[in-house]
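Note sheet for the following structure.
Residue numbers (this note's numbering): 205 to 766.
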């Protein structure tokens, strides 16, 4: 790594976090665009996934990529890497990531905030804006400029295996109101926001990581449901960018075509009708919704032709760049069209000020990211979200004198959380009562585990089943596994005082009708697990209301106080 120049080092020390987005620096944009070669312009259209510092530096040297995305890491480590990569790049890199539930989504030790559906249960735009502002502060501190959030999809299909709790709920008006609040919260605190997955990924039972999804809504239904949040957010919040969906929207296209590659969707609808002139990202181009139907080079050209500006997660970066270069040479894409996208990209970079200061102060991160103050704010938000959806037999609130058994169960993704120490609910319960026993069940539910759990349940006053049923990408389902549904049925026959607590998919409550009490926390964020335990013991009230319909008895809007 080259040593930072004295001038840059001084600039780094005096830099401060942007309180808000900056005006576009048109002079810099024009000057930079005019100085670029065609190859440099083409490089700006690609945002690959950063997993290895040497590999990413190679992409910068060879192709002049426009930005990058990164996965799970640690705050100071990634900030130092981003500084190094920024120094290696001739043009400032736009650093992007999916902080859908705060920087803790991907940064170990950063603040993990309630997921969108939990925020939907609060019904409070001010709370959503507060969560977005906190996310923005932590993101900018580590060198992130653009967040692929908020999700604006309306989850009106309980079988949707990939949106689920990432949505604010099933009501398009609720999604729109909270989406506007999120966009404003991010952008007022200096983080570019992205509405996704345009034009609506909620009403499908297909995971587009695996194959092309289909939305069969009629044109009228599409306008009032899928498209409604986007219309409202573009009118009232104006996110800096939009991400496409790898879905065939039958109300938009007669032929089988992913919206990502559809001129009807990305230009005629988004650009022309909705008047959006910000950045348009493809969803990850390595996803099955694209790769099962198109060669990568063909899809890359089609995405730019359709109106997208940036190719996210190119399956083969070199092949994608060569494809665009060939398309310009043979007249499939004009250089003027390339210039349109590059101009939008450069404008976005000036709005976060990285054309003047592209480094962050690594030494300040501990004071800004994952602080106790930030966790207290996450806890305040979480306390408004936890929902008591059913309380037959008045099992809730619990009494510290009661003998309580806490059973934890999970699917594959839940197991991953357990192995990473992210399951804290049993410990939170133990803080409130000295009469607690804990058993952790594997996702396979071995017969000896079932026998042991039923025996322990028979001896308990109350059984709390903490279910971590989370989205497993490309699995095609987020449902409660049949073996676990059968176990809950047997458990309710053993002990009638059972409460099921969902730290994930809220719809699992429909698979356990015999369980008398049901609580939705929607996610495993530590703040939600702590807030749930406190509400169960009456330390605080349940304040959330269901943002989706779980069953005939647990409909949208249900929320018991205790």
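All C-beta atoms in this analysis are idealised placements derived from N, C-alpha and C, irrespective of residue type, glycine included.
**Prompt:** From 699, 707, 590 and 729, pick the residue whose C-alpha is nearest to that of residue 719; which is it?
**Reply:** To locate residue 719, count along the chain shown from 1; it is residue 515. From the listed residues 699, 707, 590 and 729, the smallest Cα separation to residue 719 is found for 699.
**Request:** Could you check what DSSP says for residue 383 in three-state terms: helix, strand or coil?
**Result:** In the chain shown, the residue the question calls residue 383 occupies position 179. If DSSP states are grouped into helix, strand and coil, residue 383 belongs with the helices.
**Request:** Give the C-beta separation of residue 540 and residue 478 to the nearest angstrom, bearing in mind that I take them to be a contact with Cβ-Cβ under 8 Å.
**Result:** Taking the chain shown and counting its residues from 1, one reaches residue 540 at position 336. Taking the chain shown and counting its residues from 1, one reaches residue 478 at position 274. Contact doesn't hold; Cβ gap of about 23 Å is too wide.
**Request:** With a 10 Å radius around its C-beta and 16 neighbouring C-beta atoms as the bar for buried, classify residue 615 as buried or exposed.
**Result:** In the chain shown, counting from the first residue as 1, residue 615 sits at position 411. With 16 or more other Cβ atoms within 10 Å, it is buried.
**Request:** Within the stretch 379-423, note down every full beta strand (DSSP E) run reaching 3 residues or more, in order along the chain.
**Result:** Counting whole runs of 3 or more residues, the stretch 379-423 contains the beta strand (DSSP E) stretches 396-402 and 417-419.
**Message:** Quick check on the DSSP output: what are the complete alpha helix (DSSP H) runs of length 4 or more inside the stretch 691-744, in order along the chain?
**Reply:** Counting only runs of 4 or more, we get 730-740.
**Prompt:** With DSSP run on the structure shown, which of helix, strand or coil describes residue 761?
**Reply:** Mapped onto the chain shown, residue 761 falls at position 557. DSSP places residue 761 in coil when its eight states are reduced to three.
**Asked** Excluding five sequence neighbours on each side, which residues of the same chain lie with their C-beta closer than 7 Å to the C-beta of residue 430?
**Response** Here residue 430 corresponds to residue number 226 of the chain shown, with the count starting at 1. Result list for residue 430: 358, 403, 404, 406, 407, 419 and 421, in chain order.
**Asked** So residue 446 is in the beta strand (DSSP E); what residue range does that whole segment cover?
**Response** Taking the first residue of the chain shown as 1, we reach residue 446 at position 242. Segment 445-448, the beta strand (DSSP E) holding residue 446.
**Request:** Can you have a look at residue 688 and say buried or exposed, based on whether 16 or more other CB atoms are within 10 angstroms of its CB?
**Result:** Reading the chain shown from its first residue, position 484 is the one you call residue 688. Under this definition residue 688 is a buried residue.
**Prompt:** Run through DSSP, which three-state label would residue 315 get?
**Reply:** As a first step, residue 315 is located in the chain shown; it is residue number 111 there, counting from the start. Three-state DSSP puts residue 315 in coil, outside helix and strand.
**Message:** Determine whether the beta carbon atoms of residue 529 and residue 246 lie at a separation below 8 Å.
**Reply:** Taking the chain shown and counting its residues from 1, one reaches residue 529 at position 325. Taking the chain shown and counting its residues from 1, one reaches residue 246 at position 42. Taking 8 Å as the Cβ cut-off, residue 529 and residue 246 qualify as a contacting pair.
**Boundaries of the beta strand (DSSP E) in which residue 755 is found, first to last residue** = Looking up residue 755 in the chain shown gives position 551. Looking at the DSSP string, residue 755 is not in any beta strand (DSSP E), and its letter there is neither H nor E.
**Prompt:** What separation, rounded to the nearest whole angstrom, lies between the Cα atoms of residue 365 and residue 674?
**Reply:** If you number the chain shown from 1, residue 365 lands on position 161. If you number the chain shown from 1, residue 674 lands on position 470. Using only the alpha carbons, I get a separation of about 9 Å.
**Prompt:** Do residue 494 and residue 462 have their CB atoms nearer than 8 Å?
**Reply:** Residue mapping note: residue 494 aligns to position 290 of the chain shown, counting from 1. Residue mapping note: residue 462 aligns to position 258 of the chain shown, counting from 1. Cβ distance < 8 Å, so residue 494 and residue 462 count as in contact.
**Span separating the alpha-carbon of residue 784 from that of residue 445** = The chain is shown only over 205 to 766; residue 784 falls outside these bounds and no answer can be derived.
**Message:** Helix, strand or coil, according to DSSP, for residue 220 in the structure here?
**Reply:** As a position in the chain shown, residue 220 is number 16, starting the count at 1. The predicted position of residue 220 is uncertain, since its pLDDT is 44 and thus under 50; a value taken from the coordinates is nonetheless stated next. Of the three classes helix, strand and coil, the one that applies to residue 220 here is coil, per DSSP.
**Asked** Expressed to the nearest angstrom, what Euclidean distance is found between the alpha-carbon atoms of residue 253 and residue 512?
**Response** Counting from one through the chain shown, the residue named residue 253 turns up at place 49. Counting from one through the chain shown, the residue named residue 512 turns up at place 308. In a straight line, the C-alpha of residue 253 is about 18 Å away from that of residue 512.
**Item:** Closest by C-alpha distance to residue 323, when choosing among 584, 690 and 239
**Value:** As a position in the chain shown, residue 323 is number 119, starting the count at 1. Nearest to residue 323 by alpha-carbon distance, out of 584, 690 and 239, is 584.
**Request:** With a cut-off of 8 Å on the beta carbons, I'd call residue 351 and residue 395 a contact; round off their distance for me.
**Result:** The count along the chain shown starts at 1 and reaches residue 351 at position 147. The count along the chain shown starts at 1 and reaches residue 395 at position 191. So it is a contact: roughly 5 Å between Cβ atoms.
**Contact belief for residue 666 with residue 599 at Cβ below 8 Å, rounded distance in angstroms** = Along the chain shown, one-based indexing puts residue 666 at 462. Along the chain shown, one-based indexing puts residue 599 at 395. The Cβ separation is near 6 Å, so the contact holds.
**Other residues of its chain near residue 345: CB distance less than 6 Å, five sequence neighbours each side excluded** = Along the chain shown, read from residue 1 onward, the residue named residue 345 stands at position 141. Contacts found: 569, 572 and 573.
**Request:** Can you tell me which of 432, 644 and 563 puts its alpha carbon nearest to the alpha carbon of residue 284?
**Result:** As a working mapping, residue 284 is identified with position 80 in the chain shown. Nearest option by C-alpha distance: 563.
**Message:** If contacts are defined as beta-carbon pairs under 8 Å, then residue 735 and residue 587 qualify, I think. What distance do you get, rounded to the angstrom?
**Reply:** Walking along the chain shown from the start, residue 735 turns up at place 531. Walking along the chain shown from the start, residue 587 turns up at place 383. Yes, they are in contact, since the Cβ atoms of residue 735 and residue 587 sit about 5 Å apart, within 8 Å.
**Prompt:** Per DSSP, what kind of secondary structure is residue 797 in: helix, strand or coil?
**Reply:** The shown model of the chain, from 205 to 766, leaves out residue 797, and the question about it has no answer.
**Request:** With a 10 Å radius around its C-beta and 16 neighbouring C-beta atoms as the bar for buried, classify residue 728 as buried or exposed.
**Result:** Taking the first residue of the chain shown as 1, we reach residue 728 at position 524. Classification for residue 728: buried.
**Prompt:** From 661, 644, 725 and 510, pick the residue whose C-alpha is nearest to that of residue 485; which is it?
**Reply:** Numbered from its first residue, the chain shown carries residue 485 at position 281. It is 510.
**In chain order, each beta strand (DSSP E) run of at least 3 residues that lies wholly inside the stretch 458-512** = The stretch 458-512 contains these whole beta strand (DSSP E) runs: 483-485.
**Burial state of residue 639, where buried means 16 or more other Cβ atoms lie within 10 Å** = Reading the chain shown from its first residue, position 435 is the one you call residue 639. Per the 10 Å Cβ criterion, exposed.
**Prompt:** At a cut of 8 Å, does the stretch 601-614 reach the stretch 383-395 through at least three beta carbon pairs?
**Reply:** Using a C-beta cut-off of 8 Å, the stretch 601-614 makes no contact with the stretch 383-395, since fewer than three inter-stretch Cβ pairs fall below that distance.
**Prompt:** The beta strand (DSSP E) with residue 271 in it runs from where to where?
**Reply:** Residue mapping note: residue 271 aligns to position 67 of the chain shown, counting from 1. Counting along the chain, the beta strand (DSSP E) containing residue 271 begins and ends at 271-274.
**Prompt:** Ordered along the chain, which non-local residues of its own chain (more than five positions away) have a Cβ less than 8 Å from that of residue 694?
**Reply:** Position 490 of the chain shown, counting from 1, holds the residue named residue 694. Cβ neighbours of residue 694 within its own chain (closer than 8 Å, five residues either side excluded): 654 and 658.
**Asked** Across which residues does DSSP place residue 595 in a beta bridge pair?
**Response** Here the question's residue 595 lines up with position 391 in the chain shown. Answer by DSSP bridge pairing, in chain order: 721.
**Asked** Unbroken beta strand (DSSP E) runs of length 3 or more, entirely within the stretch 622-688: which are they?
**Response** Counting only runs of 3 or more, we get 640-644 and 666-672.
**Prompt:** How far does the beta strand (DSSP E) with residue 241 in it reach, from first residue to last?
**Reply:** Taking the first residue of the chain shown as 1, we reach residue 241 at position 37. No beta strand (DSSP E) holds residue 241; DSSP gives it neither H nor E.
**Asked** So the alpha helix (DSSP H) residue 612 belongs to, where does it begin and stop?
**Response** Taking the first residue of the chain shown as 1, we reach residue 612 at position 408. Per DSSP, residue 612 lies in no alpha helix (DSSP H) segment; the continuous beta strand (DSSP E) that holds it begins and ends at 608-614.
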